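S.K.: Sharing a structure, written as structure tokens. Questions coming.
Protein chains: 2
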Amino acid sequence: MSKIQKIKEKPAKDVNKMQSNQTLNSPVAVSNARIIIENVTPTVDKGNFPVKRVTGEQVVVRADVFTDGHDQVLAFLLFKDAETRDWQEMRMKFLHNDAWEGSFTIATEKDYIFTVRGYASEFTTWQTDLKKKIASGVNIAVDLQIGARMINETALRCLPVEAQKLTAWAAILEKHQDIEAAMAVAVSNELLAIMEANMDVIKSVTFNPAVNVEVDRVRSLFSSWYELFPRSWSAIPGQHGTFKDCERILPEIARMGFDVIYLPPIHPIGQKHRKGKNNSKTCTPVDPGCPWAIGGAAGGHKSIHPELGTMDDFKSFISQARALKMEVALDIAFQCSPDHSYVKDHPQWFKWRPDGTVQYAENPPKKYEDVLPFNFDTPDWQNLWEELKSIFIFWASQGVRIFRVDNPHTKPFLLWDWLIAGVKKEYPDAIFLAEAFTRPKIMYRLAKGGFSQSYTYFTWRNTKKEFEEYLTELSQTNVAEFFRPNFWPNTPDILAEHLQHGVRASFMMRAALAATMSSNWGIYGPAFELCLTEPFPGKEEYNDNEKYEIKQWDWDREGNIKDFIAVLNRIRKENPALQQTRNIRFAKISNEQILAYYKATDDLSNILIIVVNLDPHHTQTGWLEIPWHEFGFNQERVCAAKELIRGEHFSWNGASVFIELDPNSSPVQVIRINQEIS
Amino acid sequence: MSKIQKIKEKPAKDVNKMQSNQTLNSPVAVSNARIIIENVTPTVDKGNFPVKRVTGEQVVVRADVFTDGHDQVLAFLLFKDAETRDWQEMRMKFLHNDAWEGSFTIATEKDYIFTVRGYASEFTTWQTDLKKKIASGVNIAVDLQIGARMINETALRCLPVEAQKLTAWAAILEKHQDIEAAMAVAVSNELLAIMEANMDVIKSVTFNPAVNVEVDRVRSLFSSWYELFPRSWSAIPGQHGTFKDCERILPEIARMGFDVIYLPPIHPIGQKHRKGKNNSKTCTPVDPGCPWAIGGAAGGHKSIHPELGTMDDFKSFISQARALKMEVALDIAFQCSPDHSYVKDHPQWFKWRPDGTVQYAENPPKKYEDVLPFNFDTPDWQNLWEELKSIFIFWASQGVRIFRVDNPHTKPFLLWDWLIAGVKKEYPDAIFLAEAFTRPKIMYRLAKGGFSQSYTYFTWRNTKKEFEEYLTELSQTNVAEFFRPNFWPNTPDILAEHLQHGVRASFMMRAALAATMSSNWGIYGPAFELCLTEPFPGKEEYNDNEKYEIKQWDWDREGNIKDFIAVLNRIRKENPALQQTRNIRFAKISNEQILAYYKATDDLSNILIIVVNLDPHHTQTGWLEIPWHEFGFNQERVCAAKELIRGEHFSWNGASVFIELDPNSSPVQVIRINQEIS
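First to last, the sequence lines map onto chains A and B.
Numbered per our numbering, the first sequence finishes at 674, counting up by one with no gaps.
Numbered per our numbering, the second sequence finishes at 674, counting up by one with no gaps.
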């Protein structure tokens, strides 16, 4: 692949030259272009949605490029950020079966655009043919003149220094007094290089439409989330915690290595139909209510629950977090308590029942009378959408740039397409996490429409086969072009079966899986690091759920896995291979209870093999096949390796190595492969 | 799947409602549509090219259709021929994972168009929820009123007879004096059916753009070609044969069961650089020249070689063929002899060398000085294209509707896209066979652009694995939507290796494979049915090739396989399962030398199993696994079967049957599975 060179903008009509379907519908032939460009990848839904990348990531582009007849084809990758006028252009490499490949790296935090251009190179063909004729001893006098004609034509559109060379060479070919010298010039690589670099763009075909690449900041791809309920962190037992209280615990969260503090809704909570402990319909005066029942006398989606503090307190909390290199993420939930002012001020945004009451949320026969859904079929939907967007804009203007969106799949997809695009227009660094635990195509559609990150099925994947299949889908299929997974071992809503029966090693194992398989991960704490296991009877939820009550946490109690989490997050920060998800590949190991996978950076400067004991109760052992070839290593050599959790150094060689994982001491090993040492 | 019903044209704005990418680029929200329709199949290259069918074929449409929230989705397939105003609409069937399926049959020989429409059905959801509430004993008084409101709204857009019913039912629900009666009405299927049949189209979403289906006549899919050189059929030895001579042999070709007589170019042949016997550069005065060196003193592409006869003779030949239910296909080759009048009249359509001579065809170091290619890069390309199209129009106006196009892959793809569309506009029944033996993507691109049939790699597929892979690609992948294979065991250009070493059974085997695997097949005769094996030394071509000389054929000589071919073509005509290619599936048989496959019609009224001995020298035997389940049969029952070549009746049962194929007596068996008999 040749060096990237910056080129002048090509004529617009060329870049937009239509492929043949235009011709099909036209009675008059509109183009005699001879190059066909097909099957350009990556694209998402035929180009309806952009491909996603963050700054620093690569885009590897493939396309089928061919022509009729025998002329040799040259293919070029054209790319630029959307705000730049000139395209960068690079030669693509021929693979096989008419397929070509090229790649570029996202250099700036701006959206990009790329396309493919193809030429049928008459001169390249001429030179190749000439070599055959020379080899066969055919008279090439006329051929040299044909070449000279092409060279002289090309000289007219070259830089002067190249034109001078070409004109001189053409003269040698034309006169061919010295046939040996003429032949030497004719078949020279230097001539070919200049000719190919100056082909007539008018005769090229450029794939249209170009493919959009949505470029986000790095945190969209690499983030570690810590979810907490601020009201549970008062220093005084039984009191409602505040943002000020939470400032106190920020250093410990930072020590664990998290960089996103995510808060459930911080707005005033409704009184009407307020739920009590454990989602009870009976609510006592001391029950604080559920933060997702948004809106009351003190305000709605743009207000702060008075017991948490003031807007200034919130901003101070953000500043303190930022000082520790953490960002604050807010939960935005598009639903209202019956006390929300929207109900009175915009009754047309809700459904009304024939008995004159407002329609509450239902899952028949269950009723959720403390929560009102919006009526997205309202004729006033445009004003509703504008108001909803303004909620994000409001919090962005207060300094929030990360949003966890509650149940986006129960609101129109087109709302999110429009809203996210609108918010990012004003705040290009905004990040949206879709909390949609639903069917796969719905989750993928939300991601296509603009969500930066998505919750996943990680929580419900347990066996080696399940992990391999799911991670392969997320990393090796087209899904990887638009869906950024965020792996959560738990949430306030989900205490999975395996954690209900879990031991300390179960929590370590799930944390390690989430933190090393996915570059985005998060936990709901401190329930997670304290290894809470008690479910509400018969449910996949916590008993005495923090959603409905103020908790008091003994954060440092024995058996917590805070230090282990801190180690995981440190390893993530130190190893770029863990800062993406698309690079995960599975390795073979001779034990169904051990999951083995590896991740490497594109340049192989950082290579990790991770082995996880999926059985929290027993030591498991197995022979791990090291994919030396993938790492560019010779398996006969000895290679230095280091296990990063315990810090042990050792050396490896041979096709397989023996692995032993005791769940109590080391349920997981993260092994960095270093250089060959002998 | 519900009955097809004819419906009124829906409002245009609805059919053209844009999917979300429109919203993405718009600052103002333009649609609050809630249904997403994705992944509509079949399509070809994102809808850039039409899907292909012939009259009578089915189109099975799948799409992912889903909505946000909990409303139940209904999906409809909309289709019509392109000249009809009203869409036909049918309910699609839910498959799984948000995918839906529907199908329709092409009823008329016109192009079709189809799309998918989805609704979020509030009423269906309401009824489902109501049933749950009733089951739980919840008070449903208000719910019944909600239902009544929806029913009354729907009554406004119904036919009077339905409106009357709805209004009466709504009254029962509203008053609910008799709660039992109200519940019975509310949950009734009749109510649901009327409500779902009259949903508000304004709230639906229709996939856009609709998918085009190019509908050709049946012969595009099912045809048997016989290629012959008319000049070799004079009754007087040594004389140049004529169309009149050929009329004499038509009955025998018809007896063999062919329906397309394909003639190499019938135009005047150039004198300059004319080739002699075996493509020799030395040409004697008696050498007739190669028919593909087109154009001389007697005319060009719109003229008939005088020695073949007159235009009237040609038309008479066409009539005689038609009387025997055969069509005449012409070979159109876009190239010229140096004597062609185009060279003088349109020198700008050719390339000229610096020495003032016209550029001939080359494959360095070889020169083909008897053939001049057109210069498709000429600035006068639009006039060149018009002239080339007019050649097809001319012959179509003389009664020819089938064209075999010579080397289309050495002419611009966009030329064919435009030319074929243009010719079919005037002659919708025109059929084009692409003679492109080249790389797969090029062959596929020609088919996408409009060629009705295509030559294939059949000739170079020999082993069981090769056949299974290639036929699976042609029949089970997206290729089947646009590429109609035409299998040729030989052509004047190709005498494959296996036939050079072949015995009579080799020819029978190749004929049987071609005629039963592909619904389109053809032979170059009588070289094929006379089992000619002699190659030009070192080449994959016939020695003393008919392309360069007049042959005399002993058509009835011993060992010919005319009767066998006649049987094959009769079986093809009598068995609709052989009249398509997309339905081929492979069966398991315990012998690598036996290829086993089966074909059935959609309705399973015609089921064939074909077993072919790939070894022409030895008897091969094996246990064939019958895919009874695919045929809807119970393998425990006894089933009547008939071998159609030898006419033997027998009965089969059990999972496997024993097959024995003696190449000398029956290298192939075509077994029709009839009804269960006990």
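Here a beta-carbon is modelled for each residue, glycine too, at the ideal position from N, C-alpha and C.
If you're wondering where the values come from, they're calculated on a predicted model, not measured in any experiment.
Do you know how far the Cα of I605(B) is from the Cα of F100(B)?
M.R.: 27 Å
S.K.: Check for me: the beta strand (DSSP E) holding M86(B) runs from which residue to which?
M.R.: 84 to 87
S.K.: Please classify R30(A): is it buried, with 16 or more other beta-carbons within 10 angstroms of its beta-carbon, or exposed?
M.R.: The residue in question, R30(A), is buried, as its Cβ has 16 or more Cβ neighbours within 10 Å.
S.K.: Check the Cβ of T406(A) against every Cβ in chain B and list those closer than 9 Å, keeping chain order.
M.R.: Chain B residues near T406(A): D64, G65, H66.
S.K.: Quick one: grab the DSSP three-state call for W391(A).
M.R.: DSSP places W391(A) in helix when its eight states are reduced to three.
S.K.: Using CA coordinates, which residue listed in L620(B), N602(B), I603(B) is at the minimum distance from N683(B)?
M.R.: The first residue shown for chain B is -3 and the last is 674, placing residue 683(B) beyond what the model contains.
S.K.: On a Cα-Cα basis, can you pick out the residue from W517(A), Y538(A), R668(A), N630(A) that is closest to F218(A)?
M.R.: W517(A)
S.K.: Say whether the segment 332 to 349 of chain A touches the segment 360 to 379 of chain A, bearing in mind that this needs 3 or more beta-carbon pairs closer than 8 Å, one atom from each stretch.
M.R.: yes
S.K.: With the cut-off set at 9 Å, would you say L657(A) and T617(A) are in Cβ contact?
M.R.: yes
S.K.: What's the gap between the Cα of T202(B) and the Cα of R113(B)?
M.R.: 4 Å
S.K.: Is the Cβ-Cβ distance between I438(A) and D67(B) less than 9 Å?
M.R.: no
S.K.: Does the segment 392 to 402 of chain B come close enough to the segment 484 to 495 of chain B to have 3 or more Cβ pairs within less than 8 Å?
M.R.: no
S.K.: Whether or not the segment 595 to 605 of chain A and the segment 558 to 578 of chain A are in contact is what I'm after, with contact meaning three or more pairs of Cβ atoms, one per stretch, closer than 8 Å; do they touch?
M.R.: In this structure the segment 558 to 578 of chain A touches the segment 595 to 605 of chain A; the number of beta carbon pairs closer than 8 Å is three or more.
S.K.: Report yes if the CB atom of K127(A) is closer than 9 Å to the CB atom of V181(A), and no otherwise.
M.R.: no
S.K.: May I ask which residues mark the beginning and end of the alpha helix (DSSP H) holding D559(A)?
M.R.: 558 to 570
S.K.: Evaluate the contact criterion for the segment 183 to 200 of chain A versus the segment 499 to 509 of chain A: three or more CB pairs, one atom per stretch, below 8 Å.
M.R.: Short answer: they don't touch.
S.K.: I'd like the span of the alpha helix (DSSP H) that includes L640(A), first residue to last.
M.R.: Counting along the chain, L640(A) falls outside any alpha helix (DSSP H), and DSSP gives it neither H nor E.
S.K.: Can you find a CB in chain B that lies within less than 9 Å of the CB of V396(A)?
M.R.: no
S.K.: Applying the 10 Å Cβ sphere with the 16-neighbour rule, what's the burial state of N21(A)?
M.R.: Here the model assigns N21(A) a pLDDT of 45, short of 50, so the residue's position is not dependable, and the following value carries that caveat. It counts as exposed.
S.K.: Taking all protein chains shown into account, decide if H297(B) is buried (16 or more other Cβ within 10 angstroms of its Cβ) or exposed.
M.R.: buried
S.K.: Taking Cβ-Cβ distances shorter than 7 Å, what residues in chain A pair up with N541(B)?
M.R.: The contacting residues do not exist; N541(B) stays about 23 Å from chain A at best.
S.K.: Using a Cβ cut-off of 9 Å (strictly closer), state whether K277(A) contacts chain B.
M.R.: no
S.K.: Grouping DSSP H, G and I as helix and E and B as strand, with all else coil, what is P205(B)?
M.R.: In the three-state DSSP reduction, P205(B) falls in the coil class, being neither helix nor strand.
S.K.: Looking at P404(A) and Q449(A), is the spacing between their C-beta atoms short of 9 Å?
M.R.: no
S.K.: May I ask which residues mark the beginning and end of the alpha helix (DSSP H) holding R227(B)?
M.R.: Counting along the chain, R227(B) falls outside any alpha helix (DSSP H), and DSSP gives it neither H nor E.
S.K.: Near R270(A), what residues of its chain come up, given a Cβ to Cβ distance below 7 Å and the 5 sequence neighbours on each side ignored?
M.R.: C279, D283, G285, A289, D366
S.K.: Between the Cα of R668(B) and the Cα atoms of S661(B), S652(B), A636(B), S662(B), which residue gives the shortest distance?
M.R.: A636(B)
S.K.: By Cβ distance, which residues of its chain are closer than 7 Å to E588(B), with the 5 residues on each side in sequence left out?
M.R.: K460
S.K.: Is it a yes or a no for the segment 316 to 336 of chain B touching the segment 262 to 269 of chain B, going by three-plus beta-carbon pairs under 8 Å?
M.R.: yes
S.K.: List, in order along the chain, the chain B residues whose C-beta lies closer than 9 Å to that of P436(A)?
M.R.: N93, D94
S.K.: Using 9 Å as the limit for Cβ to Cβ distance, is I669(A) near chain B?
M.R.: No - not a single Cβ of chain B is within 9 Å of the one on I669(A).
S.K.: How about K48(B) and E243(B): are their beta carbons less than 9 Å apart?
M.R.: no
S.K.: Taking any Cβ of chain A, which residues in the segment 125 to 151 of chain B have a Cβ under 7 Å from it, in chain order?
M.R.: D125, K128, K129, S132, V134, V138, Q141, I142, R145
S.K.: Looking at the structure shown, is A573(B) part of a helix, part of a strand, or coil, going by DSSP?
M.R.: helix
S.K.: Could you tell me if D125(B) is buried or exposed, where buried requires 16 or more neighbouring beta carbons within 10 angstroms of its beta carbon?
M.R.: buried
S.K.: How big is the Cα-Cα spacing for E536(B) and L491(B)?
M.R.: 5 Å
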